[in-house]
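Read left to right, the sequence shown gives residues 1 to 261 (full-length UniProt numbering). The C-beta atom is built at its ideal place from N, Cα and C for all residues, glycine as well. Keep in mind it's a predicted model, so treat the numbers as computed, not measured. A quick write-up on the structure given underneath.
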Amino acid sequence: MERKIQLTDSKSLLRKILMGAGSLVLFSASVLLLNLDLATFVSRAKEAGSVLQHFLQLDLTDLAEIMSELFLSVTIAFAALIGGTLFSLIFAVFGAENITPHRYLSYFIKGFISIIRAIPSLVWILMIVASMGFGTISGLIGLIFPTVGYLGKSFISSIEEVPEDVIEAMKATGASKIQIITEGVFPCVSNMFLSWIAIRVESNVAESISLGIVGAGGIGTLLTRAIGSYDYPKISTIILMIFVTMLALEIVVNRIKTVTK
Numbered sequence: 001m002e003r004k005i006q007l008t009d010s011k012s013l014l015r016k017i018l019m020g021a022g023s024l025v026l027f028s029a030s031v032l033l034l035n036l037d038l039a040t041f042v043s044r045a046k047e048a049g050s051v052l053q054h055f056l057q058l059d060l061t062d063l064a065e066i067m068s069e070l071f072l073s074v075t076i077a078f079a080a081l082i083g084g085t086l087f088s089l090i091f092a093v094f095g096a097e098n099i100t101p102h103r104y105l106s107y108f109i110k111g112f113i114s115i116i117r118a119i120p121s122l123v124w125i126l127m128i129v130a131s132m133g134f135g136t137i138s139g140l141i142g143l144i145f146p147t148v149g150y151l152g153k154s155f156i157s158s159i160e161e162v163p164e165d166v167i168e169a170m171k172a173t174g175a176s177k178i179q180i181i182t183e184g185v186f187p188c189v190s191n192m193f194l195s196w197i198a199i200r201v202e203s204n205v206a207e208s209i210s211l212g213i214v215g216a217g218g219i220g221t222l223l224t225r226a227i228g229s230y231d232y233p234k235i236s237t238i239i240l241m242i243f244v245t246m247l248a249l250e251i252v253v254n255r256i257k258t259v260t261k
C-alpha cells in the first residue's frame, strides 16, 4: 500500500498565495504612486546600446591621478577605521554590562551608539562639511562616526557574550579591573574583534568612495567631475579601478576571516 506524503498543507499554500498576491498589489501600487513615465523609458531604451559603447572605452591618460585619488580614498577609510576602532574599544569597555563601572553608564553609551547608527553616513558627512568645509578632514571625521556606530555595538555585544565564569574566576584571584579586561576579556574576544574590523574595512572603503561625491575628497570627487563632463571613458576607467580595489579587499578580508575563525 502506497503512502502519500503531503509536502505542503493547505494553510501553508494559502499563506504563500496571499503573500504573493499582497506583494503584487504593493508593487502595483508603488508603480502607480511613483507615476513612472514608461513611454519615455521605452523611447530612450534604444539609446542604451550607444551609451554602452562609450562606457566600453577606457581612458588611461589620467591613470596616475586616478590611482592617487583612489589611494587617498583608501587612506581615509583606513584612518577612519583606526580612529573608529580606538573609540569603539573605549566605548565597549565602559558600555558592556558585564565589565562596566556602572550600569547607567552602559545604558548611556548604548543609547549614544544607537543615535550614531540611526544617522546615515551621508548625513554625517554633510553635517561635517557644512561646519568644516570640503576636504579630506571632513571625510575622515564624517566616516569615523558610522565606524564607531558599527564597531561599538559589535564590540559591546562580543564582550557581553564572554562567560561570567571567566570574569568571576579572575576576580577571585584578586585581579584588578584592568587585568580582568586585558588578560581575561580581550583574549576571549580578540578573534571576534578582528572579524568585525575586517568586515568594516570593505564598508569604510565603499563609503569613502561614495562620500567623495559630496565633497569629502578622494576618487569620488574625481568620479563626480567625470560624470559632470560626460567623460565616459574616464568614468569607465575609474569604475574599473574601484572594482579591482574592492575585489582585492574582499579577497584579503575573506582570508582574515578564515584565519580568525
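Span separating the alpha-carbon of residue i from that of residue j
i    : j    : result
G83  : I144 : 7 Å
A64  : T224 : 17 Å
M170 : I181 : 10 Å
S10  : V25  : 22 Å
L18  : S28  : 15 Å
A45  : A39  : 10 Å
F71  : V123 : 24 Å
L81  : D37  : 43 Å
P51  : F87  : The question names Pro, yet the displayed sequence has Val at residue 51. Cα-Cα distance, rounded: 46 Å.
G95  : V189 : 15 Å
L247 : R103 : 42 Å
V201 : L14  : 44 Å
P233 : E250 : 26 Å
E161 : T100 : 14 Å
S176 : N204 : 36 Å
M212 : E69  : It should be pointed out that residue 212 corresponds to Gly in this sequence rather than to Met. C-alpha separation (whole angstroms): 10 Å.
M67  : M241 : 8 Å
K110 : F41  : 47 Å
T258 : L32  : 47 Å
I137 : I119 : 19 Å
Span of the alpha helix (DSSP H), counted from its first residue to its last, around residue i
i    : result
N191 : F186 to L211
S114 : R103 to A118
A79  : L63 to G95
L52  : A48 to F55
Coil, strand or helix - residue i by DSSP
i    : result
D165 : helix
F134 : coil
N35  : coil
N254 : helix
G220 : helix
S176 : coil
L18  : helix
S28  : helix
S229 : coil
L60  : coil
K100 : Looking at the sequence shown, residue 100 is not Lys but Thr. If DSSP states are grouped into helix, strand and coil, T100 belongs with coil.
M1   : The predicted position of M1 is uncertain, since its pLDDT is 48 and thus under 50; a value taken from the coordinates is nonetheless stated next. Looking at M1 - three-state DSSP - the assignment turns out to be coil, as it is neither helix nor strand.
For this session: For the stretch 48-62 and the stretch 225-242, state whether three or more C-beta atom pairs, one from each stretch, are separated by less than 8 Å.
Result: Yes: the two stretches touch, three or more of their Cβ pairs being nearer than 8 Å.
Exercise. Can at least three beta-carbon pairs, one atom from the stretch 126-142 and one from the stretch 186-199, be found at a separation below 8 Å?
Worked result: Not touching, per the Cβ criterion.
Exercise. Okay, do the stretch 160-175 and the stretch 201-218 touch, 3+ Cβ pairs below 8 Å being the bar?
Worked result: Touching, no.
Exercise. Between the stretch 225-232 and the stretch 173-191, do at least 3 Cβ pairs fall closer than 8 Å?
Worked result: no
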